[in-house]
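Undergrad: Input: one structure, supplied below.
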Amino acid sequence: GASESADAKIAGVHCCNPTGDTIMINLKQKELIFQLLADIQQHFPEVKLVNVAPSPENGNTLWINVTWPQDEARQNALMEFNSERAMNLLLEYGYHMMVMPADELDRNGSHSPVDPSSSSFEIH
């Protein structure tokens, strides 16, 4: 099902921040990522997970990189939807997770692409 493909994408992701550290995602974070994606896809079925990576600015922040709606109104609605959920996750669990448009990362060059086949991802 959809969770298996998302699971494979999360399980295969490695870190691309300048220090080259492996991402450490615990089971609670993984559960929260799946829940967040499920919530998003209820309202925005066109949005798909691309990968999960640490923010280049702050390794404690996880970027959940997704395909982005083409329609500007949908993009704005998605950003609003995500910001509310990101704040709730931060307040309730202490994890900072941001849903990001994967195509933005390519355009501005601030983040190198993640190879989902890499096995350097670890879950603790």
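Read left to right, the sequence shown gives residues 11 to 134 (the numbering used here).
Each residue gets a CB set at the ideal place from its N, CA and C atoms; glycine is no exception.
Please go through the segment 30-100 and give each complete alpha helix (DSSP H) segment of 4 or more residues, from N-terminal end onward.
TA: Those alpha helix (DSSP H) runs which fall completely within the segment 30-100 and span 4+ residues are 37-53.
Undergrad: Met107: which of Asp113, Leu101 and Ala96 sits nearest, CA to CA?
TA: The residue given as residue 107 occupies position 97 in the sequence shown. Per the Cα distances, Ala96.
Undergrad: Please classify Gln39 as buried or exposed, where buried requires at least 16 other C-beta atoms within 10 Å of its C-beta.
TA: The residue given as residue 39 occupies position 29 in the sequence shown. Classification of Gln39: buried, given that the 10 Å Cβ count is 16 or more.
Undergrad: Can you have a look at Asn70 and say buried or exposed, based on whether 16 or more other CB atoms are within 10 angstroms of its CB?
TA: On the sequence shown, position 60 is the one that residue 70 refers to. Exposed.
Undergrad: Taking the straight line between their C-alpha atoms, what separation do you get for Phe91 and Trp73?
TA: Residue numbering aside, residue 91 sits at position 81 when the sequence shown is read from its first letter. Residue numbering aside, residue 73 sits at position 63 when the sequence shown is read from its first letter. Approximately 16 Å between the Cα atoms of the pair.
Undergrad: Just how far apart, CA to CA, sit Asn98 and Asn68?
TA: Counted from its first residue, the sequence shown places residue 98 at position 88. Counted from its first residue, the sequence shown places residue 68 at position 58. One C-alpha to the other measures close to 19 Å.
Undergrad: Whole angstroms is fine: what's the gap from Gly104's alpha carbon to Lys58's?
TA: For the purposes of this step, residue 104 is taken as residue 94 along the sequence shown, with counting starting at 1. For the purposes of this step, residue 58 is taken as residue 48 along the sequence shown, with counting starting at 1. So the two alpha carbons sit approximately 25 Å from each other.
Undergrad: Comparing C-alpha positions only, which one of Glu56, Leu46, Val109 and Pro64 sits nearest to Gln80?
TA: Along the sequence shown, read from residue 1 onward, the residue named residue 80 stands at position 70. For Gln80, the nearest C-alpha among the options comes from Glu56.
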